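Below: one structure, written as structure tokens.
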Amino acid sequence: MNTGAAVQMRLQRAQALAQQGDLPGALAVLEQATPGERAGVQSFQVDLLKALDRKEEALVIRRAQAAAMPGSVVAQHNLASSLGDTGRNLEAVEAARRAFANGGDAPETWLVLARALSGCGRHDEADDAYRQALKRRPVYGDAVRELAQLVWMRGGGREAAAAPVLDALKAAPGDAELLTCLAVVLMYGGADPREAWGELTRRAREGGVRAAMVEMAAGQLALKFDPALAVDHARAATQAAPNTLEPWTSLAEAMIASGDPDGALEILRQLLAAPTPDQKVLALHATASRLKGQADALGLDDLEGLVGALTIDTAPGWSDLAAYLADLKAALLAQHAYQNHPLGQSLRHGTQTPVDLTLVDDPAIRAFFTAIDGPIRRHLARLGHGEDPVRARNSGSYRLKGCWSVRLAPGGFHEHHIHPKGWYSSACYIDVPPVVQAGGREGWLALAQPPFPTSPQLEPLRYEKPEPGKLVLFPSCLWHGTVPFSGDQPRLSVAFDIVPA
């Protein structure tokens with residue numbers, strides 16, 4: 001058998017396993033490639049490594065490819081992309097520039113460069129690189145969305161953030177991704193929900209668009225003022241994409257908000273058949289059960305057993321926790337490079353670090369992961385094993401799935417939300433304003449209150465008072481938000497998700 005045929009057979013075997021959800025098995029097939037086959041399977045091997053969060057191993061392959069082909073545009077582009085994935089933004093800028101020097105000019109490379117420049121805090125250059133990508137491909141959804149985000153977080157208003165989206169829509173008025181992006185800018189930029197809904201649905205109607213993502217975006221806006229209308233949009237989304245999870249969770253959510261928890265539970269019970277149930281499905285099931293006055297059959301209303309409130313350990317190299325928190329505070333504040341909260345997330349009136357903190361090379365930030373390790377493991381030991389969807393996944397060990405810092409300004413808060421990609425989520429308080437001590441729960445963490453209207457209105461089942469060094473761990477499927485706070489001092493925290501290892 002010639003090498004080309006052997007490569008194709010190996011790729012087909014790996015692709016079949018990947019389609020079945022067996023990513024480790026697919027990767028193992030590729031890792032068994034002979035020396036002559038390796039070059040032909042490495043692109044898919046990198047894709048699998050990234051999907052498995054093994055980005056450092058993917059980078060090793062990309063470095064070797066670039067070293068073997070220094071004049072290759074593709075190799076330098078791929079290296080820049082992998083360097084960005086691992087937080088090596090300065091190197092990513094250099095690799096992208098080499099791709100251009102080799103003759104490249106693809107919008108994808110301009111996008112990689114823009115992301116790396118943004119990660120370096122070189123915001124003017126990042127803005128220009130995004131616009132260069134759009135000059136080469138005016139309807140480039142990722143570049144449009146990220147440019148709008150950059151403009152907004154740098155302090156631009158809603159109109160400024162929407163401008164690149166509206167420009168792209170002139171070229172493609174029926175593009176569902178762009179319409180959804182416009183809805184996000186309007187929704188999270190503070191537009192009136194009814195007016196934003198009107199703008200979105202008018203444009204969708206004129207463009208002849210009935211895509212599921214647009215219907216779901218319209219439904220999210222309608223939840224704020226007409227839950228029955230949200231049900232209609234969610235039903236339309238299920239018709240447009242009947243084999244996709246998100247439209248069905250949107251329908252269940254809208255049904256709960258419109259006063260039909262029984263109908264929602266019928267849908268949710270079917271969705272719970274997945275081997276690892278979706279986090280939003282779990283959250284909605286608990287909410288619907290609570291509205292019916294019933295205990296959650298899945299046991300997710302056991303907040304006493306599932307939620308942990310601990311104190312982080314003093315990091316090695318510091319004399320006490322207060323000294324460590326002071327240095328950590330300074331290191332975190334240096335990472336807050338923007339003026340506005342991100343679009344499309346729960347944060348309001350504050351800033352969030354743009355780079356995953358696990359990728360930041362700072363002594364105090366690196367030490368944070370040692371300081372939280374003991375408390376996390378103690379909580380998992382206390383949690384134990386069980387049949388509920390949280391305890392059933394407890395292996396006693398964990399790995400991080402993203403980490404970031406939030407600086408809430410006075411008046412700031414988090415909308416109630418869940419973390420769809422986590423198993424356990426967290427809030428670790430680094431510096432808190434005096435008002436949290438005032439007795440009105442200002443700035444406190446609120447658990448188990450849904451983000452949409454219900455009848456009767458459901459209140460939080462538990463509050464946690466922020467204290468420096470306090471770490472609260474809770475299932476990622478548990479609604480959580482922050483009570484707005486007054487005063488003139490901000491609140492600084494770190495959050496992260498974990499999944500079983």
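So for the sequence shown, full-length UniProt numbering puts the first residue at 1; every next one is plus one.
We put the beta carbon where it would ideally sit given N, CA and C, even for glycine.
Keep in mind it's a predicted model, so treat the numbers as computed, not measured.
Beta-carbon spacing of residue i, residue j below 8 angstroms
i, j, result
"L357", "S426", "no"
"P460", "L447", "yes"
"H419", "S493", "no"
"A92", "Q76", "no"
"E467", "Y429", "yes"
"H385", "R378", "no"
"T180", "M213", "yes"
"N394", "L408", "no"
"V139", "A172", "yes"
"L300", "L282", "yes"
"L49", "A26", "no"
"residue 519", "G40", "An answer regarding residue 519 cannot be provided, because it is not within the stretch 1 to 501 covered by the chain."
"A257", "T454", "yes"
"A501", "R399", "yes"
"W248", "A218", "no"
"E464", "L445", "yes"
"L169", "L178", "yes"
"P389", "L271", "no"
"G84", "G121", "no"
Selected residue, minimal CA-CA separation from residue i, among the options
i, options, result
"A183", "L221, G208, W152 and K170", "L221"
"E108", "R136, P466 and K401", "R136"
"Q352", "A364, R366, L333 and I376", "L333"
"Q8", "G386, G121, T34 and G481", "T34"
"A236", "L251, L169 and R491", "L251"
"D302", "E387, G411 and E215", "E387"
"I376", "A212, V73, V144 and D497", "D497"
"R158", "L134, G189 and D175", "G189"
"L117", "R88, A211 and A66", "R88"
"A230", "G259, R205 and A241", "G259"
"L134", "D226, L166 and A323", "L166"
"D362", "E206, A331 and P389", "A331"
"A337", "D85, A51, D22 and H123", "H123"
"A99", "A367, G487 and M69", "M69"
"G439", "F452, S486, K401 and H417", "S486"
"R348", "R290, G412, C403 and R154", "G412"
"G350", "Q294, A274, R154 and H417", "R154"
"P342", "A6, A161, L458 and R462", "A161"
"A240", "E199, A211 and A101", "A211"
Local Cβ density within 10 Å of residue i, reported as buried at 16 or more and exposed below that
i, result
"P316", "exposed"
"N78", "buried"
"L245", "exposed"
"N340", "buried"
"D262", "exposed"
"T3", "exposed"
"H285", "buried"
"A143", "buried"
"M255", "buried"
"T276", "exposed"
"S81", "buried"
"S405", "buried"
"F225", "exposed"
"P24", "exposed"
"Q42", "buried"
"A114", "buried"
"D175", "buried"
"M216", "buried"
"D278", "buried"
"E56", "exposed"
"G396", "exposed"
"K292", "exposed"
"V360", "buried"
"V60", "exposed"
Whole-angstrom C-beta distance between residue j and residue i, which should lie under 8 angstroms
i, j, result
"A126", "L90", "That pair is no contact at about 13 angstroms."
"P410", "P490", "7 angstroms"
"Q449", "G481", "7 angstroms"
"I312", "G469", "5 angstroms"
"V46", "A28", "15 angstroms between Cβ atoms; not a contact."
"G305", "L473", "12 angstroms between Cβ atoms; not a contact."
"D232", "K329", "Not really, about 48 angstroms apart at Cβ, beyond 8 angstroms."
"A288", "L310", "In fact, because the Cβ distance is near 31 angstroms, the residues do not count as touching under 8 angstroms."
"Q132", "W110", "5 angstroms"
"P484", "E442", "7 angstroms"
"A364", "D327", "4 angstroms"
"F452", "L223", "5 angstroms"
"R10", "E37", "6 angstroms"
Contact with chain C by residue i, beta-carbon distance below 8 angstroms
i, result
"S258", "Note that chain C does not occur in the displayed structure, where there is just one protein chain."
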